[in-house]
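Here's the structure we're looking at; comments come further down.
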Amino acid sequence: MTRDQSADRRSQLEDPAARDAARTDLEQRLAAARVAGRARRAVTGQPRAIDRTVANLQAHNALYGTFSAAGNQPAPATPASPHSPVRDDSAATPNGGQARQAVSLVSTAEQTPWPEGQQTAADGEMKRLRLRDQRRRLREAIQRFTRLSGLKGCGTGTTGELVGVHVGTAAVRFAGLQSCHSVWACPICQARIRAARAVELERAALAWLKAGHGLYMATLTVPHWEHVRLASRVKDGHKCAGQRSCTCPCKCPVLAPGPGQSRPRCTCACPVDPGQLARVVEAWRGVQGGTWWVGRDVISDGVPALWPKNTHDRLALEADGRYVRRQEFGPDGRPLGPATIWQEGFRDRWGIVGTTRTIEITWGANGWHSHAHVLIWTEDEATEARAERIEEELFTRWAKRCKAVGLPAPARGEIRPKDGKRIRKGVDVTPATREKAGAVGKYVIKLQEGGNLAMEMTRADLKVARGQKGKTALELAAVAASGNEQALDLWHEFEFATRGMQCLTWSRGLRERLADLVELDDREDDEIPEEETAETPEEPSLLITRAAWWKSIVPVYGARPDILHAGEVGGLPGVLAVLDKLGLVHGTDYGPPETMAGPVLPSVDQLRRGQARRQARRDRRQAVDNAVYDRAPAQWAAAQEKRRATIAKQKEAAAVQAADTEDTAAEIELTQAAAEFARRKARLRQDPGARHGFERGDVEPVRLRSVEDLDAIADARPAPKGTPACGECGAALAAEMTRYGRHVMC
Numbered sequence: 033m034t035r036d037q038s039a040d041r042r043s044q045l046e047d048p049a050a051r052d053a054a055r056t057d058l059e060q061r062l063a064a065a066r067v068a069g070r071a072r073r074a075v076t077g078q079p080r081a082i083d084r085t086v087a088n089l090q091a092h093n094a095l096y097g098t099f100s101a102a103g104n105q106p107a108p109a110t111p112a113s114p115h116s117p118v119r120d121d122s123a124a125t126p127n128g129g130q131a132r133q134a135v136s137l138v139s140t141a142e143q144t145p146w147p148e149g150q151q152t153a154a155d156g157e158m159k160r161l162r163l164r165d166q167r168r169r170l171r172e173a174i175q176r177f178t179r180l181s182g183l184k185g186c187g188t189g190t191t192g193e194l195v196g197v198h199v200g201t202a203a204v205r206f207a208g209l210q211s212c213h214s215v216w217a218c219p220i221c222q223a224r225i226r227a228a229r230a231v232e233l234e235r236a237a238l239a240w241l242k243a244g245h246g247l248y249m250a251t252l253t254v255p256h257w258e259h260v261r262l263a264s265r266v267k268d269g270h271k272c273a274g275q276r277s278c279t280c281p282c283k284c285p286v287l288a289p290g291p292g293q294s295r296p297r298c299t300c301a302c303p304v305d306p307g308q309l310a311r312v313v314e315a316w317r318g319v320q321g322g323t324w325w326v327g328r329d330v331i332s333d334g335v336p337a338l339w340p341k342n343t344h345d346r347l348a349l350e351a352d353g354r355y356v357r358r359q360e361f362g363p364d365g366r367p368l369g370p371a372t373i374w375q376e377g378f379r380d381r382w383g384i385v386g387t388t389r390t391i392e393i394t395w396g397a398n399g400w401h402s403h404a405h406v407l408i409w410t411e412d413e414a415t416e417a418r419a420e421r422i423e424e425e426l427f428t429r430w431a432k433r434c435k436a437v438g439l440p441a442p443a444r445g446e447i448r449p450k451d452g453k454r455i456r457k458g459v460d461v462t463p464a465t466r467e468k469a470g471a472v473g474k475y476v477i478k479l480q481e482g483g484n485l486a487m488e489m490t491r492a493d494l495k496v497a498r499g500q501k502g503k504t505a506l507e508l509a510a511v512a513a514s515g516n517e518q519a520l521d522l523w524h525e526f527e528f529a530t531r532g533m534q535c536l537t538w539s540r541g542l543r544e545r546l547a548d549l550v551e552l553d554d555r556e557d558d559e560i561p562e563e564e565t566a567e568t569p570e571e572p573s574l575l576i577t578r579a580a581w582w583k584s585i586v587p588v589y590g591a592r593p594d595i596l597h598a599g600e601v602g603g604l605p606g607v608l609a610v611l612d613k614l615g616l617v618h619g620t621d622y623g624p625p626e627t628m629a630g631p632v633l634p635s636v637d638q639l640r641r642g643q644a645r646r647q648a649r650r651d652r653r654q655a656v657d658n659a660v661y662d663r664a665p666a667q668w669a670a671a672q673e674k675r676r677a678t679i680a681k682q683k684e685a686a687a688v689q690a691a692d693t694e695d696t697a698a699e700i701e702l703t704q705a706a707a708e709f710a711r712r713k714a715r716l717r718q719d720p721g722a723r724h725g726f727e728r729g730d731v732e733p734v735r736l737r738s739v740e741d742l743d744a745i746a747d748a749r750p751a752p753k754g755t756p757a758c759g760e761c762g763a764a765l766a767a768e769m770t771r772y773g774r775h776v777m778c
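Numbering (this note's numbering) for the sequence shown: 33 to 778.
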């Protein structure tokens, strides 16, 4: 369009009549395009969501450009999508193993029309349902390659013999399944837990600001480069090299053992080289845990310096601002000793009541980036001037602690010429006003999906790159699900680093102070219910047997999200349609609660009791492990002596019992041998002609254990008077052995 055409266009739009005509023309064109699109889809049978899927696939292919050439895997010509039709994916996956059959009967909210009477659903409801479906499918994709046992069983493992399906209005949930409660790696549990913590933090921040107090948000970062390790590992050259902690089975002489005494268990540990995440956490712990934070006595000649009585010196100390008069008082209110000089710490100097810390982890072109967000709760209102001074002091302390733990020194930043603001700084402190309280609280507790919470969390073929800000852990998991080996290694390192790491921490005494202003959420992570719990009925609509769950639903990739999404879009008929297509038999594999036989689902109280029993067992094992450290050397030696005496008694009793058992067995065998001998003798008396067959072994001989038993039999039965006897044992001799004078064995 030329400059003259642009001018004519602007002059036409200034006229109201021309503007209305242009708007009408645009609306007519859009309506015609929609009609043509519906007609094309009716002919080809292609849903509208496929168009966006192809566009997102192209954007996802562009996402591969940020990975190194060694880890980049070519995108398949026909990618396996959770929204693809039924197919047999029996070929080996890039990560090894056999891919399970990919079945997706329902993909997104747009592919399944709403039932009659629900066509006017708001766009927000459709977006919410689509977001739930994306989270479920991403969790199922992560479960194929995760190394966390809890995440593998999240939403898969059963707690009873039946699995309940609770169908509500645009909400469906399963009951009777396990949950991992992972705030780092699980898309479902992470969104549920962090959303609840965000609401709690937002309410507390708003109440704190309304009470006239101040709130600052500090962001503490460090420089980061590629090939920096996120997780902690045992140093090379030691037995446990590459492991998270020492697992040596070696024995160390903690106490000098005596003769014949066993040595106690090993108490040493292979030295661990902390990763970036552990160093960042340790650096902030050092900032908040030293005298710089809490203050200290000013020492002079080994004792606290006295508060000067000279007016000039006293005024000089008070003008400094760092020193105050400290006087201790007894129970009766009288002073204890003279007043001393107290150097105020960072906490008292700025009236800090407490802090709330969270850790955020991303990965980009410069490798892993772990940084801390800290809310600083103060007595006085927050101002920009105080924020700048707090930032200067906090940066100096943060730089020292980073150097102490082995992190690179953070940057102070540079002044931007256009507005004079400092940018690219390692410590950024921002004051929060009453209007900003909600936004600040949500930012600090934000999900790992990024600033838009979980809106971008989906499968690999729907993921879109986020530019130079890097990728969150769940975005790496989405790329790893497509077969990228480098993303898979990064995800495993993220799991290894965050396992057991606490995400949100409160300083001591802060929650008690906030409890006076607002009611806090004291629930544990496993006590926070799912979002669908409040939207679904308490009683299950359907029950699925455990055998059918493990045989027909869990092995089919995408079946669980399909069931839930079909119920959210189509209600109970949608759930029944998916179950029928999966091959389940109504009345045998699933059915209404009143017709399904078998035990009922475990209640919450039963699960809590089981958890309490498991915790009690863990506590008992921990008490046994800590017994070595809780006892004095004399107590330890006495316990060892008592244990050795007990073991000796047990061995003696076992030996006596074994001897009695052997004697009893010998007596039984001797009795049986005597009975067999008497039987054979009686047979020979009745039939003398059977001697020849008897001597040839037609009769089964008596098998004794040793020659000593033969001697015992011979000694027990001496030869009668007047009959030939053995010269060795004295027993009777057979006629053919008379000329030898003894038995063959003798």
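Don't be surprised by glycine CBs; every beta carbon is placed ideally from N, CA and C.
No experiment lies behind these values; they were computed from the predicted model shown.
CA-to-CA distance, residue j to residue i, given in whole angstroms
i       : j       : result
Glu-411 : Gly-353 : 18 Å
Glu-727 : Lys-681 : In this prediction, Glu-727 scores a pLDDT of 47, lower than 50, which makes its location untrustworthy; the coordinate-derived value is nonetheless stated afterwards. Cα to Cα, the separation comes out at about 51 Å.
Leu-546 : Pro-449 : 41 Å
Ala-348 : Arg-317 : 33 Å
Pro-27  : Glu-424 : Residue 27 lies beyond the residue range present for the chain, which begins at 33 and ends at 778; the question has no answer from this structure.
Arg-418 : Arg-381 : 11 Å
Residue i vs residue j beta-carbon contact at 8 Å
i       : j       : result
Val-195 : Arg-578 : yes
Leu-596 : Trp-400 : no
Gly-541 : Gly-386 : yes
Leu-552 : Ala-236 : yes
Thr-188 : Ala-217 : no
Leu-575 : Met-628 : yes
His-405 : Thr-390 : yes
Gly-759 : Arg-774 : yes
His-403 : Val-312 : yes
Asp-557 : His-213 : yes
Leu-536 : Trp-523 : no
Ala-11  : Ala-580 : Lying outside 33 to 778, the shown extent of the chain, residue 11 is not represented and no answer is given.
Pro-303 : Ser-264 : no
With 16 other Cβ atoms within 10 Å as the buried cut-off, status of residue i
i       : result
Ala-763 : buried
Ile-700 : exposed
Tyr-248 : buried
Gly-246 : buried
Arg-640 : exposed
Ile-679 : exposed
Ile-393 : buried
Ala-512 : buried
Ala-94  : Any reading at Ala-94 needs caution, since the residue's pLDDT is 37, under 50, leaving its predicted position unreliable; the model's value is listed next. Answer is exposed; the Cβ neighbour count stays below 16.
Asp-692 : exposed
Lys-674 : exposed
Pro-752 : exposed
Phe-709 : exposed
Pro-561 : exposed
Same chain only: Cβ atoms within 7 Å of residue i, ignoring 5 sequence neighbours per side
i       : result
Arg-456 : Ala-443, Gly-445 and Glu-446
Met-489 : Per-residue confidence for Met-489 stands at a pLDDT of 25, beneath the threshold of 50, marking its modelled position as unreliable; the derived number appears in the next sentence. Gln-166, Arg-167, Leu-170, Pro-219, Glu-481 and Leu-506, listed in sequence order.
Gln-643 : none
Glu-563 : Arg-224
Trp-582 : none
Pro-145 : Reliability of the predicted coordinates at Pro-145 is poor, the pLDDT of 46 falling under 50, and the value obtained from them is presented with this limitation in mind. Excluding residues within five positions, none has a Cβ falling inside 7 Å.
Residues near residue i in its chain [Cβ-Cβ closer than 6 Å; skip 5 each side]
i       : result
Ser-122 : With a pLDDT of 32 at Ser-122, under the threshold of 50, the modelled position of this residue cannot be trusted; read the value that follows with caution. Answer for Ser-122: no residue qualifies.
Arg-358 : Thr-372 and Trp-374
Asp-460 : Thr-251
Ile-585 : Ala-591
Gln-222 : Val-215
Own chain partners of residue i with C-beta closer than 8 Å, once the 5 adjacent residues on each side are dropped
i       : result
Glu-571 : His-198 and Pro-625
Thr-465 : Leu-241 and Ala-414
Glu-148 : Since pLDDT at Glu-148 reaches only 47, below the 50 mark, its modelled position is unreliable, and the value read off the structure follows with that caveat. Once the five neighbours on either side are set aside, Glu-148 has no close Cβ partner at all.
Counting pairs of Cβ atoms below 8 Å between the stretch 251 to 259 and the stretch 582 to 594, do you hit three or more?
-> No, the stretch 251 to 259 does not touch the stretch 582 to 594.
Meets three-Cβ-pair contact criterion under 8 Å: the stretch 318 to 327 and the stretch 338 to 350 = no
Are the stretch 414 to 431 and the stretch 270 to 281 touching, with three or more C-beta to C-beta distances below 8 Å?
-> At 8 Å Cβ cutoff, the stretches do not touch.
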